[in-house]
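Residue numbers (full-length UniProt numbering): 1 to 363.
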């Protein structure tokens, strides 16, 4: 019944019908519906939550005990983290509910509870786009802080922030307008909004924005990944340090891979009658993309913490950035760094975000 406009009374009359008609030759199985695998969405969401908590704990500790400075990206990160955790937790609840993780024709309309409808509405149509927005804003802010002297890169980041904000806020507004509950907040009114022709169905806003968001995610992820690469070549650091910075940025390539796979699944969803099942791989890959993006935000501050903890034990890998003096104070580290040169990109400007202050003899 998805994508159909009916009155409240009609929705109550079809409560015993399947959510979508079964394909030809297939009978609906309401008594013992076949679940999709072994709840892969729950497994993926739980794994993402654990990784996020570990990475975030490391970031917060590094910021509080090592860096001891709050920057703009910290504010965006503190907004992004609870939003993404809410989306991941909601996916677990939806996956474990009786009205999810099954073929759409094996699902009676009356089994779709108000909790499922309200949670799907809030997490997928409202919180998810906002979380995606703030995660990308966090990444752009880190690039600005790392490469502030490079005018073209800074302006490119501002342009990316403007485009990202415009797209995701527009997505939220359009979704809210098309899919909001019709005239109240009970179960049937939620169903009228989400399953109506303006929101659900093959030509509804949800399906169109789902594909558009997949394309935008791929383009924006590639933009964020490729934007700093030319600037890294301008860093006045040793080759070993430069390779390390490239490796930090290259981890964002995992998010790009996830977004490309998610786009493939979104395309597969287009026009599908079994949306509830086809959506699971797309949701999984999308949340992996966002999780990787937020973990990438933790790498720069965490790298400084790791350098402090392990630089003496693994100096050839991490590089301590310290030189020892002679005499009775020879064990006291001294940091000698170059000052910013007008028109250039010093290691102080470019590397402070990544915790790789470079000594004079390494430049």
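A virtual CB, placed ideally from N, CA and C, is assigned to each residue, including glycine. What you are looking at is a predicted structure, and each value in this text was computed from that prediction instead of being measured.
Asked: Alpha-carbon to alpha-carbon, residue 203 and residue 301; Found: 45 Å
Asked: Alpha helix (DSSP H) segment containing residue 177, residue limits; Found: 151-179
Asked: Sufficient close CB pairs (3 or more, under 8 Å) joining the region 182-195 to the region 154-162; Found: no
Asked: Pairwise C-alpha distance: residue 92 and residue 17; Found: 26 Å
Asked: Inter-residue spacing [alpha-carbon to alpha-carbon] between residue 176 and residue 270; Found: 21 Å
Asked: Continuous alpha helix (DSSP H) stretch holding residue 286: start and end; Found: 275-296
Asked: Status (buried if at least 16 other CB within 10 Å, exposed otherwise) for residue 106; Found: buried
Asked: Close Cβ partners of residue 26 (< 8 Å) along its chain, the five nearest in sequence each way excluded; Found: 105
Asked: Any 3 or more C-beta pairs closer than 8 Å across the region 165-176 and the region 132-150; Found: yes
Asked: CA-to-CA distance, residue 85 to residue 79, given in whole angstroms; Found: 11 Å
Asked: Run of the alpha helix (DSSP H) containing residue 368, from where it starts to where it stops; Found: The chain is shown only over 1 to 363; residue 368 falls outside these bounds and no answer can be derived.
Asked: Three CB pairs or more closer than 8 Å across the region 218-232 and the region 272-283; Found: no
Asked: Residue 287 classed as buried or exposed, judged by whether at least 16 other C-beta atoms fall within 10 angstroms; Found: buried
Asked: Where residue 23 falls: helix, strand or coil (DSSP); Found: coil
Asked: Residue burial classification, residue 142 (beta-carbon count within 10 angstroms, cutoff 16); Found: buried
Asked: Range covered by the alpha helix (DSSP H) that runs through residue 104; Found: Where residue 104 is concerned, there is no enclosing alpha helix (DSSP H), given that its DSSP letter is neither H nor E.
Asked: Assigned exposure category for residue 65 - 16 Cβ within 10 Å defines buried; Found: exposed
Asked: Pick from 41, 81, 38, 49 that is closest to residue 297, judged by C-alpha positions; Found: 81
Asked: The region 137-153 in contact with the region 203-214 per 3-pair CB rule at 8 Å; Found: no
Asked: Status (buried if at least 16 other CB within 10 Å, exposed otherwise) for residue 327; Found: Because the pLDDT of residue 327 is 43, which lies under 50, any placement of that residue in the model is unreliable, and the question is left without a value.
Asked: Assigned secondary structure, residue 18 (DSSP; H/G/I helix, E/B strand, else coil); Found: strand
Asked: Chain-order list of residues whose beta-carbon lies under 8 Å from that of residue 114 (same chain, five-residue window excluded); Found: 186, 187, 190
Asked: Counterpart residues of residue 31 in DSSP-defined beta bridges; Found: Partner(s): none; residue 31 has no beta bridge.
Asked: Residue 259 to residue 303 span [Cα, whole Å]; Found: 25 Å
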